[in-house]
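For the sequence shown, the working numbering assigns the number 921 to the initial residue and increments by one for each residue that follows.
Idealized CB from N, CA, C, for every residue including glycine.
See structure below.
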Amino acid sequence: RFKVSLSPEHITPDWDLSRLYVNNMGGSKLTVVDQKTAKPIGDINVPYPYNLYFTLDGSKAIVVDDFMTARYIGNNGLAFYDRKTWKLLKFLKVPFTGVDHMDMSADGTFLLASCETSGMAVKVDTRTMTITGSVRVGGLPLDVRLSPDGKFFFIANQGLSGVNVVDSKTLKVVRFIHTGTGAHGLGISRDTTKLYVTNRIAGTISVIDFATQKVIATWKAGASPDMVAFSADGSQMWVSNRYNGTVDVFDPKTGRIIKTIATGANPHGLMYWPQPGRYSLGHNGNMR
């Protein structure tokens, strides 16, 4: 355990896997962590880092400045930085409140970001750093993951208690999958056949089969399951319980809770490290 700054939200591996970043939104800092020693080695000053992502080619870091009300809409957006120098390239204001989570398209030319309190998702060209489209999904959209075949974006929707499926080419909602009250975080199984959805209010986890896009199992979880991380071999699934001060370790094949770990208040964007993959796209370990 070590001290960071105010309001740490997520832990993010750098694109080249060389170090880790703690996103301290309240402190306007990224705490840099040596991934070998698990000790902090410095800070990078960036305004309001709620979340952190990287472009597919590793040239840009994208800091998500998540402001959930119209009063602060001028600060709500995506800050693009040179990943190596941390020089600001552009701050892209997002006109929909609560920009939150994202994932990249298969070829990395664009990203799709959820905007929680406006019920929207926004498409951004990663080369020009401009908004090129949007889709209304309703509710409270949160975590976003691209399907393994690159055809669909899955968006956890806490307000609608399920998952929106958005066609990555047409940017149209093609399906809604009901999971449970407060659908929040998403995790992809190591064999890429299943999507795990935390239902934070229901206290359950839903398992979606990617091939059929249907729920095939629902498991009892802790009282407030939030973010998901897998062990390197995929045999364990770690889930933070945001308002209960614990992390549950699941067997992802059976849904059995192997262990519950006390963490202290408000565990959120947990990460399991190291992970297999060539590079990191950010968040709490989205790898490719």
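Taking the alpha-carbon positions, what's the residue i to residue j distance?
{"i": "Gly1053", "j": "Lys1089", "result": "11 Å"}
{"i": "Arg1065", "j": "Ile961", "result": "31 Å"}
{"i": "Gly1100", "j": "Thr1005", "result": "43 Å"}
{"i": "Asp1002", "j": "Gly1105", "result": "28 Å"}
{"i": "Asp977", "j": "Gly1202", "result": "12 Å"}
{"i": "Phe987", "j": "Gly997", "result": "8 Å"}
{"i": "Asp1027", "j": "Ser1144", "result": "34 Å"}
{"i": "Pro1015", "j": "Gly1039", "result": "12 Å"}
{"i": "Pro1187", "j": "Gly1175", "result": "21 Å"}
{"i": "Ile1181", "j": "Pro967", "result": "32 Å"}
{"i": "Phe974", "j": "Gln1195", "result": "16 Å"}
{"i": "Tyr1192", "j": "Ser1025", "result": "24 Å"}
{"i": "Thr1046", "j": "Thr1017", "result": "20 Å"}
{"i": "Thr951", "j": "Asp1146", "result": "22 Å"}
{"i": "Asn1164", "j": "Thr932", "result": "23 Å"}
{"i": "Asp934", "j": "Phe1096", "result": "33 Å"}
{"i": "Thr1029", "j": "Ser1067", "result": "16 Å"}
{"i": "Met945", "j": "Gln1133", "result": "34 Å"}
{"i": "Ser1160", "j": "Ala1185", "result": "11 Å"}
Would you call residue i buried or exposed, if buried means 16 or more other Cβ atoms sit within 10 Å of its Cβ?
{"i": "His1098", "result": "exposed"}
{"i": "Ala999", "result": "buried"}
{"i": "Ala1041", "result": "buried"}
{"i": "Thr1271", "result": "Any answer about residue 1271 is impossible in this case: the structure gives the chain only from 921 up to 1208."}
{"i": "Ser938", "result": "exposed"}
{"i": "Arg1162", "result": "buried"}
{"i": "Ala992", "result": "Here residue 992 turns out to be Tyr, not Ala, going by the sequence shown. The residue in question, Tyr992, is exposed, as its Cβ has fewer than 16 Cβ neighbours within 10 Å."}
{"i": "Gly994", "result": "exposed"}
{"i": "Ile1136", "result": "exposed"}
{"i": "Ala1103", "result": "buried"}
{"i": "Ala1122", "result": "buried"}
{"i": "Arg1120", "result": "buried"}
{"i": "Phe922", "result": "exposed"}
{"i": "Leu972", "result": "buried"}
{"i": "Thr1118", "result": "buried"}
{"i": "Asp985", "result": "buried"}
If we call anything under 8 Å between Cβ atoms a contact, is residue i one with residue j?
{"i": "Thr1138", "j": "Thr1166", "result": "no"}
{"i": "Ala1149", "j": "Gly1070", "result": "no"}
{"i": "Ser1109", "j": "Gly1154", "result": "yes"}
{"i": "Leu1009", "j": "Glu1036", "result": "no"}
{"i": "Ile1209", "j": "Lys980", "result": "What the structure shows of the chain is the stretch from 921 to 1208, and residue 1209 is not part of that stretch, so it cannot be assessed."}
{"i": "Lys1114", "j": "Val1094", "result": "no"}
{"i": "Leu1031", "j": "Val1044", "result": "yes"}
{"i": "Gly1107", "j": "His930", "result": "no"}
{"i": "Lys1220", "j": "Val1055", "result": "The question about residue 1220 has no answer here: the residues shown for the chain are numbered 921 through 1208."}
{"i": "Asp1129", "j": "Phe1073", "result": "no"}
Between which residues of its own chain and residue i is the CB-CB distance below 6 Å, once the five residues before and five after are set aside?
{"i": "Val1169", "result": "Gln1156, Trp1158, Ile1178, Lys1179"}
{"i": "Gln955", "result": "Arg939, Leu940"}
{"i": "Leu1012", "result": "Gly997, Leu998, Met1049"}
{"i": "Gly1079", "result": "Gly1059, Leu1060"}
{"i": "Ser1151", "result": "Tyr1192"}
Residue i bridges to which residues according to DSSP?
{"i": "Leu963", "result": "Looking at the sequence provided, one finds Asp at residue 963 rather than Leu. BP columns for Asp963 point to Thr951."}
{"i": "Tyr1116", "result": "Gly1107, Val1127"}
{"i": "Tyr941", "result": "Thr932, Val952"}
{"i": "Leu1012", "result": "Leu998"}
{"i": "Lys1140", "result": "Thr1124"}
{"i": "Phe987", "result": "None, per the DSSP bridge assignment."}
{"i": "Thr1050", "result": "Asp1045"}
{"i": "Thr1166", "result": "Asn1161, Ala1182"}
{"i": "Arg1208", "result": "DSSP, once it has assigned bridges, lists no residue as partnering Arg1208."}
{"i": "Met1024", "result": "Leu1031"}
Go through its chain and collect everything with a Cβ distance to residue i's Cβ below 7 Å, but skip five positions before and after it.
{"i": "Thr1124", "result": "Gly1100, Thr1138, Trp1139, Lys1140, Ala1141"}
{"i": "Arg1208", "result": "Gly1197, Arg1198, Tyr1199, Leu1201"}
{"i": "Ile1075", "result": "Ser1034, Ala1041, Val1057, Pro1061, Val1064, Val1083, Asn1084, Val1086"}
{"i": "Gly947", "result": "Ser925, Leu926, Ser927"}
Which residues in the same chain as residue i place their Cβ atom closer than 8 Å to its Cβ, once the five residues preceding and following it in sequence are excluded?
{"i": "Val953", "result": "Ile931, Arg939, Leu940, Tyr941, Val942, Lys959, Pro960, Ile961"}
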